[in-house]
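Note sheet for the following structure.
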Amino acid sequence: SSWDGRNAVVFDDYVPHQQYLMVIANQNVSEYSVDDPGGHRHLLMPIWAYQMAAGYLFFICVIGLILNTIVVIVLLNDPKKMTPLNWMLLNLACSDGIIAGFGAPISAAAAFHCGWPFSHELCVVYAMIVSTTGIASITTLSALAMLRCKLVVQKHVHPPNRISAFTNHSVRLQRHQAALLLTLIWSYSLAVTCPPLFGWGHYDREAGHISCSVNWELKVVNNRSYIFYVFAMGQLVPSVVVVVSYFSILHVVRKKTRRRDAAEKRSTVMVAVMIGAFIITWTPYSILALVEFFSDEQTVSPVWATVPCIFAKTAVVLNPIIYGFLNTQFRLTWEKFSIRFLGRPGRPYSGQLAATSSNEQPQTRQLADFSPAGRLTKILAQSINSSSKTRQNLSSPPCLVERQQQQEGEEKQESVLIDDPNQLPSPSLISPASEATATRLSNPCVGMVGDEQKEQPVSLEIVRYLPNADLHRIRMLHPLGMY
Ligand SMILES: CC1=C(/C=C/C(C)=C/C=C\C(C)=C\C=O)C(C)(C)CCC1
62 SSWDGRNAVV
72 FDDYVPHQQY
82 LMVIANQNVS
92 EYSVDDPGGH
102 RHLLMPIWAY
112 QMAAGYLFFI
122 CVIGLILNTI
132 VVIVLLNDPK
142 KMTPLNWMLL
152 NLACSDGIIA
162 GFGAPISAAA
172 AFHCGWPFSH
182 ELCVVYAMIV
192 STTGIASITT
202 LSALAMLRCK
212 LVVQKHVHPP
222 NRISAFTNHS
232 VRLQRHQAAL
242 LLTLIWSYSL
252 AVTCPPLFGW
262 GHYDREAGHI
272 SCSVNWELKV
282 VNNRSYIFYV
292 FAMGQLVPSV
302 VVVVSYFSIL
312 HVVRKKTRRR
322 DAAEKRSTVM
332 VAVMIGAFII
342 TWTPYSILAL
352 VEFFSDEQTV
362 SPVWATVPCI
372 FAKTAVVLNP
382 IIYGFLNTQF
392 RLTWEKFSIR
402 FLGRPGRPYS
412 GQLAATSSNE
422 QPQTRQLADF
432 SPAGRLTKIL
442 AQSINSSSKT
452 RQNLSSPPCL
462 VERQQQQEGE
472 EKQESVLIDD
482 PNQLPSPSLI
492 SPASEATATR
502 LSNPCVGMVG
512 DEQKEQPVSL
522 EIVRYLPNAD
532 LHRIRMLHPL
542 GMY
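Quick note on numbering: the sequence shown equals residues 62 to 544 in this note's numbering.
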């Protein structure tokens, strides 16, 4: 070779019995490199690039761990509310948490060290774990898209009013289905990422040597066929599932635009946003992998190859932010959780009847989505709206009123914050059927439950926030009975 001892380095590239000649042309040796046989270190990227990568990965690690831990705690805090959607969110939070808690710190340490300082075994374990969680995330999102599609299409075929009461069965059924779905998701991901352990494909250090992944560059048939397999299973299959599911959803929702479906639409939009975030964060990495796969020589510099690799990890902080903004039930659970454990409401009381999001406008709109009981809650919300005008003169603590409805295996939930429980309408405003239930409450924060449609049990939960931070909570159930 033309190695002059300064610009070229021979090193063992982890592939047994293979030696690679790496030529680093026109580079200042003090800034670039790998360990050469003489023990000299040459950095592959400028120091500033390693430092920036280390800082970003550290940020992903800390913020990702905090946010995903909050998601897990908040979701598990109320196991009764574990709908299929929430099981999938929990799964995503776990896989994101694994990347934030394991992948990001190892990669940050490698960046801090300006090259992979760990063993080849850890490189393989790292690549396996990061790629398995990445594939598990995209598979979970596809499963979510399928679930949304199933729900929307099923609703179209059997409108809710005609569905018989099987809520209690469906809750149990949902648990089994969720467990089966989660097992399938992780088995599928492992089926994609395990083959290199058995000799099909290779895991290796990646650009800048701050992480490890499938060796996208190695031009041997065994490796190339494995890359085809990874792309088919990790990109093609999930994309087809997502596209088909969302086209079906669009096809159905274009035909029916009933307001009662607003909650379903919100969940469908949230899943679409999560899929969008995944696509945005992983597409640069996919493109890099394809470029490396198709190009004959190293066309992407280590610095540019490192960017998509660490950008893909951004997905782990985006998902919790998306739930926080778009999942009413998640926000509500967080609201309750923060009141109960942190001794404060999740967000400041504005002194108005408030929905669970500051940008969600009139509560009557939200609550009206939940017919048949929605009719009564609407009365409640409207009454409170009018009472809030006299709010300044009132001294009672605020109430968080939460409604939840189990329907078609999908639990929906809304809440309102009420400044003054004393201003709630009297039970006489309520329909006779619900009056009995309402008058059972001795708390001034009176709730109402509609009883027009007996096959759809409705629960009303009232949580009262007291000035001394104690929580006074009343659960009121459908008179016929879930509780
Ligand atoms: C998850 C997706 C893919 C595969 C990614 C893999 C195998 C990643 C492995 C390790 C990484 C990123 C380490 C970084 O530190 C495809 C196949 C690229 C498609 C998109 C989704």
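For each residue, glycine too, the CB sits at the ideal point set by N, CA and C.
Residue i versus residue j - alpha carbon distance
i: Ile199; j: Met143; result: 21 angstroms
i: Phe179; j: Ser272; result: 10 angstroms
i: Ser362; j: Ser356; result: 13 angstroms
i: Asp265; j: Ser399; result: 44 angstroms
i: Ser300; j: Met294; result: 10 angstroms
i: Ala197; j: Leu205; result: 12 angstroms
i: Thr394; j: Thr342; result: 28 angstroms
i: Phe567; j: Ile167; result: With the chain covering only 62 through 544, there is no way to say anything about residue 567.
i: Gln238; j: Ile134; result: 22 angstroms
i: Ile288; j: Ile121; result: 27 angstroms
i: Phe386; j: Leu279; result: 43 angstroms
i: Val253; j: Asn284; result: 13 angstroms
i: Ala323; j: Ala376; result: 27 angstroms
i: Leu351; j: Trp261; result: 19 angstroms
i: Arg392; j: Leu297; result: 33 angstroms
i: Leu212; j: Trp277; result: 39 angstroms
i: Trp109; j: Gly176; result: 13 angstroms
i: Val334; j: His103; result: 42 angstroms
i: Gln339; j: Leu136; result: Rather than Gln, the amino acid found at residue 339 in this sequence is Phe. Each residue's Cα considered, the two are about 21 angstroms apart.
i: Val186; j: Pro257; result: 11 angstroms
i: Lys326; j: Met106; result: 47 angstroms
i: Phe330; j: Asn388; result: In the sequence under discussion, the amino acid at residue 330 is Val, which differs from the Phe named in the question. Distance between the alpha carbons of Val330 and Asn388 is about 10 angstroms.
i: Lys397; j: Val214; result: 33 angstroms
i: Tyr111; j: Phe308; result: 43 angstroms
i: Ser347; j: Trp365; result: 14 angstroms
i: Ala401; j: Glu358; result: Position check: residue 401 holds Arg in this sequence, whereas Ala was assumed. One C-alpha to the other measures close to 59 angstroms.
i: Ser286; j: Pro345; result: 22 angstroms
i: Cys255; j: Val218; result: 41 angstroms
i: Phe259; j: His181; result: 16 angstroms
From the options, residue whose alpha carbon lies closest to that of residue i
i: Ala165; options: Thr389, Tyr384, Val303 and Val378; result: Val378
i: Lys316; options: Lys216, Cys184 and Tyr111; result: Lys216
i: Lys547; options: Phe289, Lys211 and Gln235; result: Since the first and last residues shown for the chain are 62 and 544, residue 547 lies out of range.
i: Ser306; options: Leu136, Thr344, Cys122 and Arg209; result: Arg209
i: Asn152; options: Ala324, Val123 and Trp247; result: Trp247
i: Ile124; options: Leu245, Thr389, Asn380 and Arg401; result: Asn380
i: Cys184; options: Pro345, Leu297, His263 and Val313; result: His263
i: Val291; options: Ser309, Phe308 and Ser192; result: Ser192
i: Gly116; options: Leu311, Glu267 and Phe372; result: Phe372
i: Ser203; options: Ser250, Cys370 and Ile382; result: Ser250
i: Val281; options: Phe354, Phe308, Ser328 and Leu245; result: Phe354
i: Val332; options: Leu349, Ala161, Ile310 and Met113; result: Ile310
i: Met207; options: Phe259, Arg401, Ser328 and Ser347; result: Ser328
i: Thr244; options: Trp148, Ala114, Leu349 and Ile382; result: Trp148
Check: residue i C-beta below 7 angstroms from any heavy atom of ligand 1
i: Ile196; result: yes
i: Ser248; result: no
i: Tyr111; result: no
i: Cys370; result: yes
i: Ala350; result: yes
i: Phe292; result: yes
i: Trp365; result: no
i: Ser272; result: yes
i: Ser168; result: yes
i: Ser347; result: yes
i: Gln215; result: no
i: Ile159; result: no
i: Ile199; result: yes
i: Val191; result: yes
i: Gly162; result: no
i: Gln296; result: yes
i: Leu177; result: For the record, residue 177 in the displayed sequence is Trp; it is not Leu. For ligand 1, not one heavy atom lies less than 7 angstroms from the Cβ of Trp177.
i: Trp261; result: no
i: Ala115; result: no
i: Val377; result: no
i: Ala206; result: no
i: Ala172; result: no
C-beta contact flag for residue i and residue j at 8 angstroms
i: Asp157; j: Asn129; result: yes
i: Ile159; j: Thr194; result: yes
i: Tyr384; j: Leu242; result: no
i: Leu118; j: Lys374; result: yes
i: Ile190; j: Phe163; result: yes
i: Val303; j: Ile336; result: yes
i: Cys370; j: Glu267; result: yes
i: Ala171; j: Leu126; result: no
Cβ distance (whole Å) where residue i is taken to contact residue j below 8 angstroms
i: Thr360; j: Gly269; result: Wrong, their Cβ atoms sit about 15 angstroms apart, outside the cutoff.
i: Ser274; j: Ala169; result: Their Cβ separation, rounded to whole angstroms, is 16 angstroms, which puts Ser274 and Ala169 out of contact at 8 angstroms.
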